[in-house]
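Quick mapping for you: the protein sequence lines, in order, are chains A and B.
When you read off a place in the first sequence, starting at 1, and then add 276, the result is the number in this note's numbering.
When you read off a place in the second sequence, starting at 1, and then add 293, the result is the number in this note's numbering.
All C-beta atoms, glycine included, are put in the ideal place defined by N, C-alpha and C.
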Amino acid sequence: MAGEPAKRQKREAYRQSLTTEEQNIALPKKKFYRQRAHANPFSDHALTYPRGPADMDWASLYPAHAVEKTGEGAGDDESHDRDRDDGEKEKGKTITKPVEIADIGCGFGGLLFALAPKLPETLIVGMEIRTSVTEYVQEKVRALRAQNAAPNTAYQNVACIRANTMKFLPNFFAKAQLAKIFLCFPDPHFKQRKHKARIVSYTLNSEYAFVLRPGGVVYTITDVEDLHVWMRGHFEKHPSFERVSEEDEAADECVEVMRMETEEGKKVERNGGRKFVACFRRVEDPRWP
Amino acid sequence: MKLPYQCIEVADRSIDSGNEWLLFGASGSKLIVQSSTGVQSVWPAEEDEVRHINRDDEPEEPPGKRVKLSPAANPELNVSCVTLSSDKQYLVAVTAEDKCIRVFQINSEYQLHELSQRCMARRPCSIILTPDDSTILCADKFGDVYSLPLLPSPDDEEIETPQNEQTEPVVEKPYAPAASLLTVHSGRNRKTLEEQLKQASKGPSKPKEPLKFKHELLLGHVSMLTDILYATVDDRSYVLTADRDEHIRISRGLPQAHIIEGFCLGHEDFVSRLCLSQSGLLVSGGGDASLLVWDWFNNQLIERLPIRDSALSYFESNPQLTSILPEDRKNFKVAVRGIWDLASGETTKYEILVACEGIPALFQFTLGDRSKPGAVISLNGNALDVAFLGSSENTRKMIVVSVDNVHKPGSTTAVRDSPHRLQCFSRQGNGEWEENSGVAQSLDWFSRQAPDGNDNAYAESNSIASDTKDLAAVRAILYGLENLRKRPGAED
Ligand SMILES: C[S@@+](CC[C@H](N)C(=O)[O-])C[C@H]1O[C@@H](n2cnc3c(N)ncnc32)[C@H](O)[C@@H]1O
Numbered sequence: 277m278a279g280e281p282a283k284r285q286k287r288e289a290y291r292q293s294l295t296t297e298e299q300n301i302a303l304p305k306k307k308f309y310r311q312r313a314h315a316n317p318f319s320d321h322a323l324t325y326p327r328g329p330a331d332m333d334w335a336s337l338y339p340a341h342a343v344e345k346t347g348e349g350a351g352d353d354e355s356h357d358r359d360r361d362d363g364e365k366e367k368g369k370t371i372t373k374p375v376e377i378a379d380i381g382c383g384f385g386g387l388l389f390a391l392a393p394k395l396p397e398t399l400i401v402g403m404e405i406r407t408s409v410t411e412y413v414q415e416k417v418r419a420l421r422a423q424n425a426a427p428n429t430a431y432q433n434v435a436c437i438r439a440n441t442m443k444f445l446p447n448f449f450a451k452a453q454l455a456k457i458f459l460c461f462p463d464p465h466f467k468q469r470k471h472k473a474r475i476v477s478y479t480l481n482s483e484y485a486f487v488l489r490p491g492g493v494v495y496t497i498t499d500v501e502d503l504h505v506w507m508r509g510h511f512e513k514h515p516s517f518e519r520v521s522e523e524d525e526a527a528d529e530c531v532e533v534m535r536m537e538t539e540e541g542k543k544v545e546r547n548g549g550r551k552f553v554a555c556f557r558r559v560e561d562p563r564w565p
Numbered sequence: 294m295k296l297p298y299q300c301i302e303v304a305d306r307s308i309d310s311g312n313e314w315l316l317f318g319a320s321g322s323k324l325i326v327q328s329s330t331g332v333q334s335v336w337p338a339e340e341d342e343v344r345h346i347n348r349d350d351e352p353e354e355p356p357g358k359r360v361k362l363s364p365a366a367n368p369e370l371n372v373s374c375v376t377l378s379s380d381k382q383y384l385v386a387v388t389a390e391d392k393c394i395r396v397f398q399i400n401s402e403y404q405l406h407e408l409s410q411r412c413m414a415r416r417p418c419s420i421i422l423t424p425d426d427s428t429i430l431c432a433d434k435f436g437d438v439y440s441l442p443l444l445p446s447p448d449d450e451e452i453e454t455p456q457n458e459q460t461e462p463v464v465e466k467p468y469a470p471a472a473s474l475l476t477v478h479s480g481r482n483r484k485t486l487e488e489q490l491k492q493a494s495k496g497p498s499k500p501k502e503p504l505k506f507k508h509e510l511l512l513g514h515v516s517m518l519t520d521i522l523y524a525t526v527d528d529r530s531y532v533l534t535a536d537r538d539e540h541i542r543i544s545r546g547l548p549q550a551h552i553i554e555g556f557c558l559g560h561e562d563f564v565s566r567l568c569l570s571q572s573g574l575l576v577s578g579g580g581d582a583s584l585l586v587w588d589w590f591n592n593q594l595i596e597r598l599p600i601r602d603s604a605l606s607y608f609e610s611n612p613q614l615t616s617i618l619p620e621d622r623k624n625f626k627v628a629v630r631g632i633w634d635l636a637s638g639e640t641t642k643y644e645i646l647v648a649c650e651g652i653p654a655l656f657q658f659t660l661g662d663r664s665k666p667g668a669v670i671s672l673n674g675n676a677l678d679v680a681f682l683g684s685s686e687n688t689r690k691m692i693v694v695s696v697d698n699v700h701k702p703g704s705t706t707a708v709r710d711s712p713h714r715l716q717c718f719s720r721q722g723n724g725e726w727e728e729n730s731g732v733a734q735s736l737d738w739f740s741r742q743a744p745d746g747n748d749n750a751y752a753e754s755n756s757i758a759s760d761t762k763d764l765a766a767v768r769a770i771l772y773g774l775e776n777l778r779k780r781p782g783a784e785d
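1. Is the beta carbon of A:C460 within less than 7 Å of some heavy atom of ligand 1?
2. Under 8 Å between C-beta atoms, does B:N312 make it to chain A?
3. Is the beta carbon of A:E540 within less than 7 Å of some heavy atom of ligand 1?
4. If you scan the segment 507-550 of chain A from start to end, which runs of the beta strand (DSSP E) of 3 or more residues do you find wholly inside it?
5. Would you grab the beta carbon distance between B:S419 and B:I521 for me? Rounded to a whole angstrom, and I think it's under 8 Å.
6. Going by DSSP in three states, A:Y290 sits in which element: helix, strand or coil?
7. My understanding is that B:H700 touches B:S740, with C-beta atoms under 8 Å, so please give their C-beta distance in whole angstroms.
8. So with CB distances below 7 Å, who are the chain B contacts of A:E560?
9. Is the closest heavy atom of ligand 1 to the C-beta of B:D391 under 7 Å?
10. Would the beta-carbon of A:R291 fall within 8 Å of that of A:Q299?
11. Put A:K472 into one of helix, strand or coil per three-state DSSP.
12. In whole angstroms, what separates the C-alpha of A:M442 from that of B:W314?
13. Taking only beta-carbon atoms, is B:L558 less than 8 Å away from chain A?
14. For the beta strand (DSSP E) that B:S565 lies in, which residues bound it at each end?
15. Considering A:N481, what are the terminal residues of the alpha helix (DSSP H) in which it resides?
16. What three-state label does DSSP hand B:Y772 in the structure shown?
17. Would B:F506 pass as a contact of B:R411 if the rule is Cβ separation under 8 Å?
18. Against chain A, does B:E402 count as a neighbour if the rule is that its beta carbon must be under 8 Å from one of theirs?
19. To which residues does DSSP link B:N312 through a beta bridge?
20. Excluding sequence positions up to five away, which residues of its chain have a Cβ less than 7 Å from the Cβ of B:L677?
21. Output the distance between the C-alpha atoms of A:P446 and A:E483, rounded to the nearest integer angstrom.
22. For A:V417, collect the residues of the same chain with a Cβ closer than 7 Å to its Cβ; drop the 5 residues on either side in sequence, then sort them by chain order.
23. List the residues of chain E that A:G328 touches, going by C-beta distances under 8 Å, in chain order.
24. On the criterion of 16 or more Cβ atoms from any shown chain inside 10 Å, does A:V343 qualify as buried, or is it exposed?
25. With a cut-off of 8 Å on the beta carbons, I'd call B:I692 and B:L682 a contact; round off their distance for me.
26. When the Cα of B:D425 is compared with those of B:S530, B:E402, B:S516 and B:V732, which residue comes out closest?
27. Whose Cβ in chain B lies nearer than 8 Å to the Cβ of A:E483?
28. Compute every distance between the C-beta of A:E525 and the non-hydrogen atoms of ligand 1, then say whether any falls below 7 Å.
29. Bridge partners of A:A315, per DSSP?
30. Quick check: the segment 509-528 of chain B against the segment 538-550 of chain B, are there 3 or more CB pairs under 8 Å?
31. Cutting at 6 Å between CB atoms, please list the residues of its own chain near A:D361, excluding the five before and the five after it.
32. Using a Cβ-Cβ cut-off of 8 Å, state whether B:R411 counts as contacting chain A.
33. Among A:T324, A:A289, A:F318 and A:R550, which one has its Cα closest to the Cα of A:K472?
34. Given a limit of 9 Å on CB to CB distance, which residues of the segment 311-328 of chain A reach chain B?
35. So who's on the other strand from B:I521, going by DSSP bridges?
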């Protein structure tokens, strides 16, 4: 889109002005990464995504948690591509544990950077459809890791990828891989005609249920009451989810982080707006009929 | 010129004197039926058509006098999918332009009697029936699968707002926008909000008419669906759906279709066709160079069958076709239009037949044996559809192929006019396919004479114009697959 290259140029010029050491640890500036608010989730973006979870290269996103592969297909037991004859190089590294938390539509990553130190043992990924916004978060991850260089491992458990989660969530995560999914301040798509663009719907909830393990939780928060009612309605009528009780919600530290640390959460706070929270637990699948 | 048959289907029936078959074909807006005993019928019948035309001439006629179901097909409509109930009593067809699912009863005189028309909100791309024939599953262009009863019961006539519809509950209170200025942050959202308020001051906009028949949203992809299958394994049933974004999804069957059991991921271009082989394996094809064979139950890719290479060598071995190959062979691509299980009866050898868009041949493959290129059935027009004649499920030895008589072989745009719309083949003892002139002879009426949507008063008055117009519409129905290939925009 127009304006993007200019922004990129300014970004580059700014980076050039820094010394190498400064470059390494300098946090990115948001003004160089702002992008039009909405990306169309239905169009064919020039996206890259793995063919399936087994093809996903997590190791290079979390280098501190990567190890050399030992033996044939080690750590890759769900590889469903025995017949790999397309010459694609086997990645040399694999990850020691799977990603368990996904922040869908992570924006500038406020939640990610607040959660990462609180859950140091858990791998967290932000997923964002807008290129520049994704690049901002990736730059910030890089800078924060550099600031906390080894043996300090802070922020080694957080990463961000560009993805259209409405289409490609199952390309990234295997069945029951995730423990938590965050849907914070999703784009409201006020117009009726655009409701299918909403990130929560009865049919999409089946995909969230697929990648979540039983007992896993979807966290939602919004300042738009109608959207809150919509999300609640679509999760409550989906048989794979049950609403998390208010006590459990209050006891969950992630809820407070989500309220206070997301960019949108802060903005709403400044404006004195209301925030509507609802969390839903993935229940066990029923027996086959 | 007769329009080709975009779909054909066969029903085997047992009658007093043994077995008979019924061949159904959709040509333009017409449905054609012929039995092995020689009985013929056409829907809509001629007199219906006359009535339809008269009606258009008299717009003054009070609507009350109109029959509820207009039996006359509108010649502007084209049938895009046809499926038969397993008891062979019903035929379900979709007309593309009005997104309508039409259920027909096949009566004892082999005539089609239209029982219902249900127009969906989005264009159905593929329809199937559950094995008990009770329910239609409709996979649509927006990625959703709906279930509808095959035969709506009178109680269902009430206006039903389906359970899981993506719409908001109708709010009776005066219009208040969902956002306030506090919640709207971007300039763009603000504009939307202002528009909403402006709209509200003009009075509520008329909401889209809800569908007035029973239908339930079962599952959905955020992508265009291209095919749907229902499978039963060890008493458990599954719904398999394929989409334009390379996914094959395995969901539980009714009533738990909201539960996803797994995905078969491996395609790198659109998936357009799914076929369950008697081996239990799933074969999928689309815009990729290979067909993929799956142990779908375990989401495991078993093998790749090189459909593009087979098609390319067929083109290269055929002088007329070689000339239309792209200079750079790398640009030669195939889009899989159909995959059929050949159910040889031998439990050790599983074969399939494959048709690709705009290619005048059928390609045979043996699962688990991609080393040997399979047989190729050469056709005199592009392959459109295949049906198996007079065969019980495990001996598929006689096929009818619908071929494109209005486009040149190998082309989806160059026009020609050939009278033959069908070719028939039977399989010899040595496994080879040979053209079967006897069957072709018995289907001569079906192949050459049966009317298409074109021979009617409208078309005759202005034959050339309507020919070209119909051709464009027919082309859109016959050759839509290449459009599924992605052309990623610069949009970010
Ligand atoms: C209003 S922002 C909220 C950002 C962040 N979660 C917060 O609370 O501050 C919504 C974000 O979702 C992203 N988004 C929308 N649709 C998406 C999709 N299909 N896949 C990934 N991200 C998406 C948008 O680009 C946008 O950055």
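In this structure, then:
1. In the first sequence, residue 460 of chain A corresponds to position 184, counting from 1. Under cutoff, so the answer is yes.
2. Residue numbering aside, residue 312 of chain B sits at position 19 when the second sequence is read from its first letter. Chain A, which has no Cβ nearer than 8 Å to the Cβ of B:N312, makes this no.
3. Here residue 540 of chain A is taken as the residue at index 264 of the first sequence, counted from 1. Yes, since a heavy atom of ligand 1 falls inside the 7 Å radius drawn around the Cβ of A:E540.
4. 517-519
5. Against the second sequence, residue 419 of chain B aligns to sequence position 126. Against the second sequence, residue 521 of chain B aligns to sequence position 228. With 8 Å as the limit, B:S419 and B:I521 qualify as a contact, their Cβ atoms being about 5 Å apart.
6. In the first sequence, the residue the question calls residue 290 of chain A occupies position 14. Helix, per DSSP.
7. Against the second sequence, residue 700 of chain B aligns to sequence position 407. Against the second sequence, residue 740 of chain B aligns to sequence position 447. The pair is not a contact, with the Cβ atoms about 17 Å apart (cut-off 8 Å).
8. Taking the first residue of the first sequence as position 1, residue 560 of chain A is located at position 284. Those do not exist, as A:E560 stays about 11 Å from chain B at its closest Cβ, beyond 7 Å.
9. What you label residue 391 of chain B is simply residue 98 of the second sequence in a count that begins at 1. For ligand 1, not one heavy atom lies less than 7 Å from the Cβ of B:D391.
10. By one-based count along the first sequence, residue 291 of chain A stands at place 15. By one-based count along the first sequence, residue 299 of chain A stands at place 23. Yes, these two residues count as a Cβ contact at 8 Å.
11. The residue given as residue 472 of chain A occupies position 196 in the first sequence. A:K472 falls in the helix class under three-state DSSP.
12. Counting from one through the first sequence, the residue named residue 442 of chain A turns up at place 166. Counting from one through the second sequence, the residue named residue 314 of chain B turns up at place 21. Taking the straight line from one Cα to the other gives about 46 Å.
13. Along the second sequence, read from residue 1 onward, the residue named residue 558 of chain B stands at position 265. For B:L558, the answer is yes, since a Cβ of chain A falls inside 8 Å of its Cβ.
14. Counting from 1 along the second sequence, the entry for residue 565 of chain B is found at position 272. Residues V564 to L569.
15. Mapped onto the first sequence, residue 481 of chain A falls at position 205. Per DSSP, A:N481 belongs to the alpha helix (DSSP H) from Y478 to V487.
16. In the second sequence, counting from the first residue as 1, residue 772 of chain B sits at position 479. If DSSP states are grouped into helix, strand and coil, B:Y772 belongs with coil.
17. Your numbering for residue 506 of chain B matches position 213 in the second sequence. Your numbering for residue 411 of chain B matches position 118 in the second sequence. Yes, they are a contact pair.
18. Within the second sequence, numbered from 1, the residue matching residue 402 of chain B stands at position 109. So, not an interface residue.
19. Your numbering for residue 312 of chain B matches position 19 in the second sequence. Per DSSP, B:S307.
20. For this step, residue 677 of chain B is matched to residue 384 along the second sequence. Closer than 7 Å at the Cβ level, and outside the excluded window around B:L677, lie P297, Y298, Q299, S695, V696, D697 and L771.
21. Along the first sequence, read from residue 1 onward, the residue named residue 446 of chain A stands at position 170. Along the first sequence, read from residue 1 onward, the residue named residue 483 of chain A stands at position 207. In a straight line, the C-alpha of A:P446 is about 7 Å away from that of A:E483.
22. Locating residue 417 of chain A in the first sequence gives position 141, counting from the first residue. So the list reads Y431, V434, A435 and C436, once near-sequence residues are dropped.
23. Within the model displayed, chain E is absent; protein chains A and B are what it includes.
24. By one-based count along the first sequence, residue 343 of chain A stands at place 67. Exposed is the call here.
25. For this step, residue 692 of chain B is matched to residue 399 along the second sequence. For this step, residue 682 of chain B is matched to residue 389 along the second sequence. With a Cβ gap of about 7 Å, B:I692 and B:L682 count as contacting.
26. One-based indexing of the second sequence puts residue 425 of chain B at position 132. It is B:S530.
27. Walking along the first sequence from the start, residue 483 of chain A turns up at place 207. Here the neighbours are I553.
28. By one-based count along the first sequence, residue 525 of chain A stands at place 249. No, the beta carbon of A:E525 sits no closer than 7 Å to any heavy atom of ligand 1.
29. Within the first sequence, residue 315 of chain A is the residue found at index 39, counting from 1. According to DSSP, A:A315 bridges with nothing at all.
30. yes
31. The count along the first sequence starts at 1 and reaches residue 361 of chain A at position 85. Because the pLDDT at A:D361 is just 43, under 50, the model does not fix this residue reliably, and the value given afterwards should be weighed accordingly. Cβ neighbours of A:D361 beyond the five flanking positions: none.
32. On the second sequence, position 118 is the one that residue 411 of chain B refers to. No, B:R411 does not count as interfacial toward chain A.
33. By 1-based counting over the first sequence, the position of residue 472 of chain A is 196. The option with the nearest alpha carbon to A:K472 is A:F318.
34. Q311, R312, A313, H314, A315, N316, P317, F318, S319, D320, H321, A322, L323, P326, R327 and G328
35. As a working mapping, residue 521 of chain B is identified with position 228 in the second sequence. DSSP output for B:I521 lists B:T534 as bridge partner(s).
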